[in-house]
Amino acid sequence: MAQVSQDSTRGRFERWFELEVIDPMNDFRNPRQEWRRLVSELFGTFLLVLVAAGGGMMGQAFPDTISREAAVVAPGLMVMGIILFMGRISGAHLNPAVTLAFSLRGDFPWRRVPGYIIVQLAGATLAAWFLHAVIGVSASYGSNYPAAGYTGLQAFWMEVALTLGLVSVILGTASGAQNIGIIGAIGVGGYIALAGLWASPISGTSMNPARTFGPDLISLDFSQYWVYVAGPVVGAVLAVGLAFVLRGYGGGRSGSAAAQGALATEVERPDQA
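Mapped onto our numbering, the consecutive letters of the sequence shown carry residue numbers 45 to 317.
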């Protein structure tokens with residue numbers, strides 16, 4: 045009887061171990077688990093907005109400590125770092141306009157778009173809330189607004205032009221004809237810093253609906269938010285059209301891998317490089 049009881053106990057333990065330890069480990073290693081991409085986008089967007097909104101908020105809390113140049117260069121350096129450390133997991137979009145552009149070009153499955161955009165907005169909101177709680181100033185100081193004396197329409201056109209350039213750089217460095225791997229991080233980060241250096245006084249150089257959404261939600265001020273949705277989206281669509289003129293259809297192996305990361309990449313047009 046003792047031997048039977050011991051065998052029964054061992055059998056129950058083995059079944060428990062398989063269900064509670066082995067199966068979850070196999071599930072975690074399954075590269076098709078979308079949550080790994082979503083966590084990557086959430087954390088990456090959090091870090092981006094932490095720096096992008098943090099410059100203005102920290103400057104308000106500690107006057108004359110952070111220059112405009114430092115505030116606009118920091119997000120570019122952060123994006124560079126994020127692409128290098130997590131680009132192969134989710135593609136490091138960090139931006140709803142980029143996600144839409146990759147999907148329009150055929151590099152990113154449309155069914156993944158809602159999840160990406162939701163976690164990007166959530167990451168930006170968490171960053172703005174964190175900054176507000178720690179620094180103790182309104183998140184509006186970390187948001188983007190048209191400059192005094194300029195209309196929302198003028199800021200809109202600036203965001204269109206700037207996002208056209210940003211998404212063109214992203215699509216170009218992720219194309220099959222000119223894929224340069226992680227070195228593309230330098231191009232993308234450098235563009236963000238350069239755009240901020242010359243254009244930030246007019247619109248704030250958001251180029252990213254999520255980056256502006258987080259601070260606007262925490263400060264409850266969406267008075268000019270349309271500029272920072274419509275501008276980046278229109279700029280992204282124009283960039284996809286330009287990419288088609290320059291390189292033809294997307295959806296090739298290199299572009300898809302850059303847009304989706306290395307986790308079970310889906311290729312719409314596998315015959316293309």
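Glycine included, C-beta positions come from ideal geometry on N, C-alpha and C.
Residue i in three-state terms, based on DSSP
i, result
"Gln-164", "helix"
"Leu-175", "helix"
"Ala-221", "Confidence is the limiting factor: at Ala-221 the pLDDT is only 48, short of 50, which leaves the residue's position unreliable, though a coordinate-based value still follows. Coil."
"Tyr-189", "coil"
"Glu-203", "helix"
"Ala-136", "coil"
"Gly-296", "coil"
"Ile-110", "coil"
"Thr-195", "coil"
"Ala-237", "helix"
"Gly-180", "coil"
"Gln-304", "helix"
"Val-232", "helix"
"Phe-152", "coil"
"Ser-247", "helix"
"Leu-264", "coil"
"Val-157", "helix"
"Glu-310", "coil"
CB contact flag (residue i, residue j, <8 angstroms)
i, j, result
"Asp-265", "Ser-184", "yes"
"Pro-119", "Leu-92", "yes"
"Leu-170", "Met-101", "no"
"Ala-229", "Leu-206", "no"
"Ala-254", "Pro-140", "yes"
"Ser-134", "Ser-182", "no"
"Gly-131", "Gly-305", "yes"
"Gly-186", "Gly-98", "yes"
"Leu-307", "Arg-155", "no"
"Tyr-189", "Gly-248", "yes"
"Val-157", "Leu-165", "no"
"Leu-215", "Ala-283", "yes"
"Leu-259", "Ala-172", "Looking at the sequence shown, residue 259 is not Leu but Pro. Taking 8 angstroms as the Cβ cut-off, Pro-259 and Ala-172 qualify as a contacting pair."
"Ser-300", "Val-311", "yes"
Exposure label - residue i; buried when at least 16 CB within 10 Å
i, result
"Ala-192", "exposed"
"Phe-106", "exposed"
"Ser-111", "exposed"
"Thr-256", "buried"
"Val-142", "buried"
"Leu-208", "buried"
"Ile-227", "exposed"
"Ala-287", "buried"
"Val-213", "buried"
"Gly-285", "exposed"
"Val-178", "exposed"
"Gly-180", "exposed"
"Ala-114", "exposed"
Among the options, the one whose alpha carbon lies nearest that of residue i
i, options, result
"Val-211", "Ala-243, Phe-200, Gln-304 and Val-232", "Val-232"
"Val-281", "Pro-190, Glu-203 and Pro-259", "Glu-203"
"Leu-138", "Gly-159, Leu-307, Arg-155 and Phe-200", "Gly-159"
"Ala-96", "Tyr-189, Ser-250, Val-289 and Gln-198", "Ser-250"
"Ser-298", "Leu-290, Val-289, Phe-288 and Thr-309", "Thr-309"
"Gly-196", "Ile-246, Ile-162 and Ala-287", "Ile-246"
"Leu-375", "Gly-167, Trp-201, Leu-286 and Phe-288", "Residue 375 is absent from the structure shown; the chain starts at 45 and stops at 317."
"Pro-318", "Gly-294, Asn-252 and Ile-262", "Residue 318 lies beyond the range of the chain shown here (45 to 317); nothing can be said about it."
"Val-116", "Gly-234, Val-163 and Phe-90", "Gly-234"
"Ile-161", "Ala-287, Gln-77, Gly-279 and Val-273", "Val-273"
"Phe-90", "Phe-129, Val-163, Thr-217 and Val-278", "Val-163"
"Trp-201", "Val-278, Gly-103 and Gly-88", "Val-278"
>> Using a Cβ distance threshold of 8 angstroms, determine whether the segment 266-275 contacts the segment 116-125, with at least three qualifying pairs required.
In response: no
>> Measuring CB atoms only, is the segment 143-160 touching the segment 235-247, in the sense that at least three cross pairs come out at less than 8 angstroms?
In response: Contact between the segment 143-160 and the segment 235-247 is not established, with fewer than three Cβ pairs separated by less than 8 angstroms.
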